[in-house]
Amino acid sequence: MFKFLQQVGDYAKETVQAAKYIGQGLSVTFDHMQRRPITVQYPYEKLIPSERYRGRIHFEFDKCISCEVCVRVCPINLPVVDWEFNRETKKKKLNHYSIDFGVCIFCGNCVEYCPTNCLSMTEEYELAAYDRHELNYDNVALGRLPYKVTQDPMVTPLREFAYLPKGVMSSHDLPPNSQRAGKRPEEIVEESEASTKQS
Ligand code: SF4
Ligand code: SF4
Numbered sequence: 051m052f053k054f055l056q057q058v059g060d061y062a063k064e065t066v067q068a069a070k071y072i073g074q075g076l077s078v079t080f081d082h083m084q085r086r087p088i089t090v091q092y093p094y095e096k097l098i099p100s101e102r103y104r105g106r107i108h109f110e111f112d113k114c115i116s117c118e119v120c121v122r123v124c125p126i127n128l129p130v131v132d133w134e135f136n137r138e139t140k141k142k143k144l145n146h147y148s149i150d151f152g153v154c155i156f157c158g159n160c161v162e163y164c165p166t167n168c169l170s171m172t173e174e175y176e177l178a179a180y181d182r183h184e185l186n187y188d189n190v191a192l193g194r195l196p197y198k199v200t201q202d203p204m205v206t207p208l209r210e211f212a213y214l215p216k217g218v219m220s221s222h223d224l225p226p227n228s229q230r231a232g233k234r235p236e237e238i239v240e241e242s243e244a245s246t247k248q249s
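Here it is in structure tokens:
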């Protein structure tokens, strides 16, 4: 009889413990039911990359002087500058230019040191391909205008958490004209130009 009562007591204790754990789990669930969703519904929603994001490189063929500085400053000597010497004009003539994004580490050295600013980093980050050789971009592919999240009518652009106005914790349902946190790059440039003129 005593053993039976002990078993009933143990069973009741385990039932109470289990109910306590279920209650703890559900409290987290109910807590999240009151919060706004922070999930980005990719590919219908996309985050706007930050201004200094280092995405796919853009190349302007006509500006390139075939100096090969980009090759020398690249940690893996990646850009391929195919040029020939034009005896009539006594200048280098660029034939082809390519960068393999399957190997590039997006360090931005080539962009930083190019003397004619014909290279620039874009905010394009969707470079997935089935064949890695497709990531070897020639001058035509590099010259393609960069993809912008904000210009795609099929996509709802969302601000990154760092750019949300003070007190706002979710990009969803943000009023379109709401002031973003921090200054825009052009505002910083304007301020620095104004301070240079004053000094
Ligand atoms: S971003 Fe860096 S790794 Fe890529 S090509 Fe330029 S210098 Fe080379
Ligand atoms: S550094 Fe600029 S100008 Fe010189 S070869 Fe590279 S892309 Fe062309």
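Start counting the sequence shown at 51; every next residue gets the next number (our numbering).
In this text, a Cβ means the ideal position worked out from N, Cα and C, and glycines have one as well.
Bear in mind that the values here come from a model prediction, so they are computed numbers and not experimental data.
Extent of the continuous beta strand (DSSP E) run through residue i
i, result
"GLU95", "95-97"
"THR65", "Element bounds for THR65: not the beta strand (DSSP E) but the alpha helix (DSSP H), 52-83."
"THR206", "206-208"
"ASN186", "186-188"
Residue i vs residue j beta-carbon contact at 7 Å
i, j, result
"GLY217", "LEU185", "no"
"ASN189", "TYR147", "yes"
"PRO215", "GLN229", "yes"
"PHE109", "LEU192", "yes"
"SER220", "LEU208", "no"
"ARG104", "GLU174", "no"
"GLU134", "LYS141", "no"
"TYR187", "ILE149", "yes"
"PRO129", "VAL121", "yes"
6 Å CB neighbourhood of residue i in its chain, flanking five on each side removed
i, result
"GLU101", "PRO235"
"SER116", "VAL131, TRP133, LYS142 and LEU144"
Terminal residues of the alpha helix (DSSP H) in which residue i lies
i, result
"SER170", "No alpha helix (DSSP H) holds SER170; the beta strand (DSSP E) holding it covers 169-171."
"GLN91", "No alpha helix (DSSP H) holds GLN91; DSSP gives it neither H nor E."
"GLU236", "235-248"
"CYS160", "159-163"
Sequence-distant residues of the same chain with beta carbon closer than 8 Å to residue i, five excluded per side
i, result
"PRO125", "ILE155, CYS157 and ASN159"
"VAL205", "PRO93, TYR94, GLU95, LYS96 and VAL199"
"GLU240", "none"
Nonlocal neighbours in the same chain, by C-beta distance under 7 Å from residue i, ignoring five residues either side
i, result
"VAL12", "Within the shown structure, residues of the chain are numbered from 51 to 249, placing residue 12 beyond reach of any answer."
"ASN127", "VAL121"
8 Å contact criterion, which residue i and residue j should meet: CB distance rounded
i, j, result
"ILE98", "VAL199", "5 Å"
| query | Which whole runs of the beta strand (DSSP E) in the region 106-149 are 3 residues long or more, in chain order? | reply | 107-109 and 130-136
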